[in-house]
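What follows is one structure encoded as structure tokens, with my remarks underneath.
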Amino acid sequence: MKKILLIQTGGTIAMEGQKDSGPTINPTKWSDLINQTIPELSEIANIETERLFLEDSSDINRRHWTELASYIQQHYEQYNGFVILHGTDTMAYTASALSFALQNIQKPIILTGSQVPMSSIRSDARRNLINSIEMATMNLPEVAICFNDYVYRGNRATKISIGDFDAFSSPNYPPLAEIGLHIEMKPHVRAPSGELSLSTQFSDQLFLLKLYPNLDPAFLQELPLDNIRALVIEAFGSGNFPIRGDQNLLPFFERCLSNDTMLIITSQAAYDAVDLSNYKSGRHALELGALSAEDMTTEATLTKLMYLLGKHPDAETVTQQFQKNLAGELT
Ligand code: ASN
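Here full-length UniProt numbering is used: the first residue of the sequence shown is 1, the next is one more, and so on.
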């Protein structure tokens, strides 16, 4: 029987009863709860549990990603697969971060959680947990999110619903598997290659700016560009932004680039890819030296930059690597 490590990090799935109490289940109670409420899990795999932290996922940051990635790497040989229980709010960020931190994995690393606490009668935790443990026993060498009968590549997924059981989507990449009467594995699962590599230095010297009509560029004067090595602009449509009148953003973009702050343009539209050659504003940005995030999610764009900025001190390597498909995040 396959050996799976179930790692608890918190989220709603780790709450007892009321949501206002935060993740509370203590480690012993947690294993008991699983054994009592889902005894059939032991028919699927030999499961060991570990509680790394117990956080609402809004409190998860790069230090947790480093600890998680290192912990998995240390225990990599002992298990056939890993399931991480995590809050849904930032699950796509953690999944993306792990996909960069742990490259060339040959085993499944599956993140899951729930919209309703495990202890509630109508919880989705049971189904998500059973599905995830089963997926962790399969030939799925990916960091993936398993939720509501779908398995998504982690760095392609995004949270789309607060109240629905169908909380995730993967706008620019089809699901890796669908779980119904049978498990339907799709052909586009990544093929394992090379040795496992661990890299856990995530930089925080970046900033995300979401554009909106009427944004006053004067506000941007205050941004501490000396501490911002990369500025991600979540622009409109195919990568557009204001270029007329007093809301013209080009002078600010020029200031960023002359200050050696990389400029990366992503989109507020979830589907399809940024194309800076489509419209006038994008072409101006291209001429200045801005990069396109193409069809990457904002979560993947940010965590990829955190990973690259943490790893490479020089902007040239970061720029080159950013445009490459490192872990299946980019088409
Ligand atoms: N606030 C929770 C979290 O992300 C939401 C959840 O897990 N459903 O930790």
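Don't be surprised by glycine CBs; every beta carbon is placed ideally from N, CA and C. This one's a predicted model, so the numbers in the text were calculated from it and none came from an experiment.
Entirely within the stretch 124-157 and at least 3 residues each: give me those beta strand (DSSP E) ranges in chain order.
143-147, 150-153
Going along the chain, which unbroken runs of the beta strand (DSSP E) with 3 or more residues stay wholly within the stretch 157-230?
177-179, 183-185, 206-210
Looking at the ligand ASN, does it come within less than 7 Å of Asp-89, judged from the CB to the closest heavy atom?
yes
Alpha carbons only, please: which of Lys-3, Arg-63, Phe-100, Arg-62 is nearest the one belonging to Ala-300?
Phe-100
Can you tell me where the alpha helix (DSSP H) holding Gln-106 begins and where it ends?
That residue, Gln-106, is in no alpha helix (DSSP H); it is neither H nor E in DSSP.
Going residue by residue through the stretch 60-86, where are the continuous alpha helix (DSSP H) segments of at least 4 residues, counting only ones entirely within it?
62-74
Closer than 7 Å by C-beta to Ser-114: which residues in its own chain qualify, once you throw out the five before and the five after it? Chain order, please.
Thr-12, Ile-13, Ser-123, Asp-124, Ala-125, Asn-128
Can we say the stretch 54-62 touches the stretch 129-139, given the rule of at least three CB pairs closer than 8 Å?
no
So who's on the other strand from Asn-240, going by DSSP bridges?
Phe-236
Enumerated in chain order, which unbroken segments of the beta strand (DSSP E) with a length of 3 residues or greater are wholly contained in the stretch 265-312?
none
Let's test the definition: count the other Cβ atoms within 10 Å of the Cβ of Gly-282 and tell me whether it reaches 16, buried, or not, exposed.
buried
By how many angstroms is the C-alpha of Leu-52 removed from the C-alpha of Val-232?
31 Å
Phe-168 to Gly-81, Cα distance in whole Å?
22 Å
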